[in-house]
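A.B. asks:
Number of protein chains: 2
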Amino acid sequence: MGHWDGFKGDKWRTSVDVRDFIQHNYTEYKGDDSFLEPAAESTEKLWTKLQELFEVQHEKNGVYDMDNNIPATVTSHEPGYLIKEEEKIVGLQTDVPLKQAFMPFGGINMANNALVSNGYETDEEMTKIFTDWRKTHNQGVFDAYTPEMRAARKNKIITGLPDAYGRGRIIGDYRRLALYGIDFLIAEKKKDLSNVGNKVMTEEVIRLREEVSAQIRALGSIKEMATYYGFDISAPAKNAQEAIQWTYFGYLAAIKSQNGAAMSIGRISAFLDIYIQRDLDNGAITELEAQEMIDHLIMKLRMVKFARTPEYNQLFSGYPIWATLSIAGMGIDGRSLVTKNDFRILHTLVNMGPSPEPNLTVLYSSHLPEGFRTFASHIAKESSSIQFENDDLLRANWGSDDCAIACCVSATVMGKDMQFFGARANLAKAVLYAINGGVDEKTKAQVGPKFRPMTGDTLDYNEFVERYKDIMDWLAELYVNTLNVIHFMHDKYAYEAEQLAFMETDLKRTFATGIAGISHAADSMMAIKHGNVKVIRDEDGLAVDYVPQNEFPTYGNDNEEADACANWILDYFMTQIKRQHTYRNSTPTTSLLTITSNVVYGKATGNTPDGRRAGKPLAPGANPSYQDGKFLGEKNGLLASLNSTAKLEYTNARDGISNTQTINPNGLGKDDATRVNNLRNVMDGYFDNGGYHLNVNVFTTDLLLDAQAHPEKYPNLTIRVSGYAVKFRDLTPEQQADVISRTSHDRM
Amino acid sequence: MGHWDGFKGDKWRTSVDVRDFIQHNYTEYKGDDSFLEPAAESTEKLWTKLQELFEVQHEKNGVYDMDNNIPATVTSHEPGYLIKEEEKIVGLQTDVPLKQAFMPFGGINMANNALVSNGYETDEEMTKIFTDWRKTHNQGVFDAYTPEMRAARKNKIITGLPDAYGRGRIIGDYRRLALYGIDFLIAEKKKDLSNVGNKVMTEEVIRLREEVSAQIRALGSIKEMATYYGFDISAPAKNAQEAIQWTYFGYLAAIKSQNGAAMSIGRISAFLDIYIQRDLDNGAITELEAQEMIDHLIMKLRMVKFARTPEYNQLFSGYPIWATLSIAGMGIDGRSLVTKNDFRILHTLVNMGPSPEPNLTVLYSSHLPEGFRTFASHIAKESSSIQFENDDLLRANWGSDDCAIACCVSATVMGKDMQFFGARANLAKAVLYAINGGVDEKTKAQVGPKFRPMTGDTLDYNEFVERYKDIMDWLAELYVNTLNVIHFMHDKYAYEAEQLAFMETDLKRTFATGIAGISHAADSMMAIKHGNVKVIRDEDGLAVDYVPQNEFPTYGNDNEEADACANWILDYFMTQIKRQHTYRNSTPTTSLLTITSNVVYGKATGNTPDGRRAGKPLAPGANPSYQDGKFLGEKNGLLASLNSTAKLEYTNARDGISNTQTINPNGLGKDDATRVNNLRNVMDGYFDNGGYHLNVNVFTTDLLLDAQAHPEKYPNLTIRVSGYAVKFRDLTPEQQADVISRTSHDRM
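Those protein sequences? They're chains Y and X, same order as listed. Per full-length UniProt numbering, the first sequence starts with residue 1, numbered consecutively. Per full-length UniProt numbering, the second sequence starts with residue 1, numbered consecutively.
Put into structure tokens, the structure is as follows:
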């Protein structure tokens, strides 16, 4: 059979247009989950083997094995297998399952630190090569940083910056490899190269020409890599197995060559379903075999591992790599993009049990077929391993029904957008800088400009607002320019040719800033306005504690004023961000997302005027506070909390608004069917109401307390944290305590 | 004695200002050469040893030995010596005299090609490192080149581009190291770094911050390198020996780390004389010891060697490295800058015989003391090893009396300017493109735009001029943009931190384009206008030969119309060059300079309308034609030739106008004293008249013919070619034939 036999549509045949191919060929599925098949025998064998390896890895503190002297490239390793004869989909990052590659291009110190901190030796020759002869991203950044940037970083008013790890968050459109084969992609890139620039060689043009040349070389390497596994990927995939394999090879090239913070695979479900459906229709495969291939692909995504430093693990706890896989979603023609494959993918959580990776993400809308919404709610409730994003907002704001999520909540159009990931500024700490005239409350260093401190016994609201604006002005400028340095150097020293080769040459780039501590910032403003906050100063006159004397409204309780305050902060900060010069004229965005770094952010942040105690975790992402301050917390139940979050203006936070909720099963209803229906209805309402994202956990706090006390009983207990899922046992003790302290809603 | 004891002036003490130091402290010398001393015993021993090594090198085709697996950096090699106990000034590029270092950063293919073509093996590991992990300048350039650029390069309408070798021509102000010591320079660069940019991180700012950081690291490495030789260069030099040694260490760092086409040392004569004079005045040294140290320094400069490819040697024949050393010159206060040291430096050509390196360059003015002008004329006549540049033009056009020459004729202000060297466009070949509608006359490829070819049996002048302008428009744009690519990539992959560390952070940059074939272009225009040129076409209708039927005026004979034509071409082309976008907003300049590449340029250029035969060398630089066409050649003697060259407008060719002349001794006068006086008078007149540069050769053609036939008789015969000196025996047979065919003026 010819590779395109039976496919419809024309436009996609002559130039790269995967969306057009999907729209002409996918089969919407409106039924329920009754067609699903259990794990095939091969899946059982492979998964059993893999779980054994995972146990070894767990015992060795998350590291099965590590390379120390093979700088990872697409072709640096011999082929590797789990059980060769059982694998329908092949390809490992290195030659041994779970062995972590040596990736020095981002920074030799980090690569060596990852080795040493895990008990491995560094290689002298490699250290010399990547110090004396081959500069790395990390060194480039620190060569250009200003003292002010270093101070802001050290004092953690800006933190988690991708200067000591890869920026990640780029999603190659790996589907292109399956649909077109690599030779066509090379030819198209060569055509592009001939049209980059017209005579005048500005630096922009020179750089892009060099990048496209690097992409062409990368595609050649990927073709070579596939031959190691016995495949010729020159031509398009001929059947479902090849389509999955080719797509995975594209992704494999990315994870072989880049250790980015988030290495997402994108939106591949409907695309692959077209090939599966064709094979099913032709009688070439059975549903059991279809599920088997999907299970094997997902298993590969569960195996992705990167060598990382203790500092990194503090920031992003539980070894996430964000192999985010986006499913479902609506089409702009009114059909949903739900296919049987979306069921198969969720079903992997049943066939192989819950798992943090891939980061399964449902692009949700109340217009999705009810069968799918019910099934997804069921899986969410059972596994606490999946997340939901508002597909109606995505289509309206990104102009495409081919969006995917990079990392946690960051939307990107497949093959057309890339992101300059930028971690986050701590706006809760900025509240304290506004009060203390730019002096850090923990280190007592003058980090911000030498503004006048506030000196009253209590805090005047109007005075505070002016100062807070000044601090945000300063912070936004410093923050964006710090990121300008980082991304200039990332392009220079750790360019992602293997991923960008699968994307348009004429890319749209977003400049993704982020905000941490939004709830504490808003609640502090409310406290200052309404709470008559008494200031306690230390011997140096530095404000170090705050006592709100009156009650005040807080964000997260569907209170208009408090919620509007959170929106005002977002709007004001984003407006300042937009004023700045951004690298490569990228489009500024921001996120309300902390991942698990809310814990380290909180550790570095003093007492806040809302009553939050120094050192305690910030509420993650856009979550309302669940802190120990007297007037804090979500007091009005799940729906009020969701309403507050839904009011945050997505157009100001197009990099995403993360909301993580834990619901006590009993709060959802008395039996499983009721609970599933209620959860689905809650989501329908929340997303129709403009909510952007929901991490759904359905369990009791008691379960977590038991798992904390008896980890051996819960080796696979998986929970959603801010934007990803994690095995509870892999969290640090502090992270576990934070998760346990979060609100578990027992009422709607 | 304190390092600055006895020195006058204040400004130079607190911030880097070497010129201010010189102006306050140098002793002008108006006497003759009678004070000079012969070679010291140590000099004799060292020079004898070095000549033995040179013989071995000559027998091994110019390569004494080569590294293949130590990428050269400032600290990559153990110290090396010629005869350790005899050397007053120490420091070698590698650990063994004349051993050529392995320099892969510019291009691993070139570095390997240099090895293989000289019979050395390449190192597999190095090839892997500099292919897979560390990109090089050469690869960067070819990644960004357009097909049009490749075609222009391949067809040699633009040629000699520094894309397969280092751009060179950067002169660090190495005197700074002696005057201030390295710690002060590091502190000043750190101060600079803190003031590069103000908050907004544009790419310009980021890049410069990274560069200054690299410079600071480089200074640290140089300090370390000096310790290998037993010196602590933290503090300023305390005496003449240290001043010479510190200055040389600065230069040594450059030649250890960069294989640039021209590695000039700049203007160090008056500066070092200050230290020598202080030591002489204090009775710390004798004149014999002063000469000994200068001889040893010059000997080091004679030893500089780089691994180079056969292609490079074709372009720049005789292994030049352009350790150009500029002496004399006038001060803007009316004093000359001539010191005894200028005599000592010229005297090295007596003490150790003539030598191509360092490229001794007299910054000439008729206002220089007569004693020096006479001595310099004497040395020029005796050695044919030195060149002269018009210091009056330099001061007027560069606003400084601290200029130096980089390479051959390119002026640069010490420590303040750098140059983006850009080889040259072949304007003789462009004449043929204008006639043939952009089709190359040798390869028949369509290289330029598809303009209409000229079709008449004879060439119409007005029609030709319009077409020639169109071709120059196209060529200037393509040429400048090709150079934009090269310099972007050079900064990116082979940045000269070790040299730029000795220069201002806020540099002025010139963008040095160049013109080859000016005389043939001008003579062809004259032929077309006055010569009724008959066109001969081949079977494809391509114009391949030209027969001027009438006599026509030619450039080089003091003919107003022909000389004005040459100036018109220069002015028109330079105007087009100035229209273009230049990398880093550098200031466009051009040169009339071909070095020895006039031979390869000519080889690639078909018959020209002036009657020059296909494949014959172009006249070098700005030289008038000496070709075999019926109406060509300098017919009116030396002075007419010099007058023509002097009319070329220096403000349009601020990168320099190269003029090489050979004078028959008998043409200069009947005895030595007369000859010296006449030569000096010729130069006074030529430079007063606005001539920019003169390479002086004084010998007969018979001498060269004898040297061609009996090379063994003339191991040290040195002659001036276009902008440098060379040992005659090191020229290729073609180059020797070219030099012999040049006009040897036997009348004034």
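The beta-carbon is built from N, C-alpha and C at its ideal position, and this holds for glycine as well. None of these values were measured; they are calculated from a predicted model.
(1) Would you say X:R167 and X:F421 are within 8 angstroms of each other, going by their C-beta atoms?
(2) For X:D672, count neighbouring Cβ atoms within 10 angstroms of its own Cβ and tell me buried if that reaches 16, exposed if not.
(3) Mind checking whether Y:G437 and Y:K450 have CB atoms under 8 angstroms apart?
(4) Applying the criterion that 16 or more other CB atoms from any shown protein chain within 10 Å of the CB defines a buried residue, is Y:G448 buried or exposed?
(5) Using 8 angstroms as the threshold, is the C-beta distance between Y:A406 and Y:A262 below it?
(6) Measuring straight from C-alpha to C-alpha, what distance separates X:L297 and X:T48?
(7) Under DSSP, the beta strand (DSSP E) around Y:M66 begins and ends at which residues?
(8) How is the beta strand (DSSP E) around X:F102 delimited, first residue to last?
(9) Between the segment 117-132 of chain X and chain Y, which residues of the former have a C-beta closer than 7 angstroms to a C-beta of the latter?
(10) Which one of X:R675, X:L500 and X:G283 has the shortest CA to CA distance from X:K189?
(11) Roughly how many angstroms lie between the CA atoms of Y:K8 and Y:I182, to the nearest whole one?
(12) Anything in chain Y within Cβ reach of X:V200, meaning under 7 angstroms, just list it in chain order.
(13) Quick one: what's got a C-beta closer than 8 angstroms to Y:D20's C-beta in the same chain, skipping five residues either side?
(14) Going along the chain, which residues of its own chain have a beta-carbon closer than 7 angstroms to the beta-carbon of X:Y248, five neighbours each way excluded?
(15) For the alpha helix (DSSP H) that Y:G31 lies in, which residues bound it at each end?
(16) Between the Cα of Y:G140 and the Cα atoms of X:Q100, X:M201, X:N659 and X:S213, which residue gives the shortest distance?
(17) Taking one C-beta from the segment 14-31 of chain Y and one from the segment 336-346 of chain Y each time, how about it: are there three or more such pairs within less than 8 angstroms?
(18) Whose Cβ in chain X lies nearer than 8 angstroms to the Cβ of Y:N697?
(19) If the cut-off is 9 angstroms on Cβ atoms, which residues from the segment 444-461 of chain X count as contacting chain Y, listed in chain order?
(20) What separation, rounded to the nearest whole angstrom, lies between the Cα atoms of Y:Y714 and Y:P665?
(21) Please check if any C-beta of chain Y sits within less than 8 angstroms of the C-beta of X:E734.
(22) Based on Cα-Cα distance, which residue from X:R175, X:N481, X:V116 and X:Q93 lies nearest to residue 803 of chain X?
(23) Considering only C-alpha positions, which residue in the set Y:N716, Y:K529 and Y:T443 is nearest to Y:V544?
(24) Pick out the complete alpha helix (DSSP H) segments inside the segment 471-552 of chain Y, 4 residues or longer, and give them in chain order.
(25) Kindly indicate which three-state DSSP category Y:R424 falls into: helix, strand or coil?
(26) Count the other CB atoms, across all protein chains shown, that sit within 10 Å of the CB of X:S257; report buried if there are 16 or more and exposed otherwise.
(27) Provide the residue span of the alpha helix (DSSP H) that contains X:P733, from first to last.
(28) Express the C-alpha separation of Y:L648 and Y:G691 in angstroms, rounding to a whole number.
(29) Which chain X residues sit within Cβ distance under 7 angstroms of Y:T73?
(30) At a cut of 8 angstroms, does the segment 556-573 of chain Y reach the segment 402-416 of chain Y through at least three beta carbon pairs?
(31) Taking the CB atoms as reference points, tell me whether Y:M225 and Y:V74 lie closer together than 8 angstroms.
(32) When burial is assigned at 16 or more other CB atoms within 10 Å of the CB, is X:L705 buried or exposed?
(33) By DSSP, does Y:M330 sit in helix, in strand, or in coil?
(34) To the nearest whole angstrom, what separates the beta carbons of Y:A476 and Y:I577, a pair I think is in contact under 8 angstroms?
(35) Going by other Cβ atoms of all chains shown within 10 Å of its Cβ, with 16 needed for buried, is X:R613 buried or exposed?
(36) For X:L280 and X:E242, what's the separation of their Cα atoms in angstroms?
C.D. replies: This is what the structure holds:
(1) yes
(2) exposed
(3) yes
(4) buried
(5) yes
(6) 16 angstroms
(7) D65 to P71
(8) K99 to F102
(9) I129 and D132
(10) X:L500
(11) 21 angstroms
(12) N481 and H581
(13) G9, K11 and W12
(14) I89, G91, L297 and K300
(15) No alpha helix (DSSP H) holds Y:G31; DSSP gives it neither H nor E.
(16) X:S213
(17) yes
(18) Residues of chain X passing the Cβ test: none, with the nearest at roughly 40 angstroms.
(19) none
(20) 19 angstroms
(21) no
(22) Outside the displayed span of chain X (1 to 748) sits residue 803 of chain X, for which this structure offers no information.
(23) Y:T443
(24) 497-500 and 518-530
(25) strand
(26) buried
(27) P733 to S741
(28) 8 angstroms
(29) D132
(30) no
(31) yes
(32) exposed
(33) strand
(34) 5 angstroms
(35) exposed
(36) 14 angstroms
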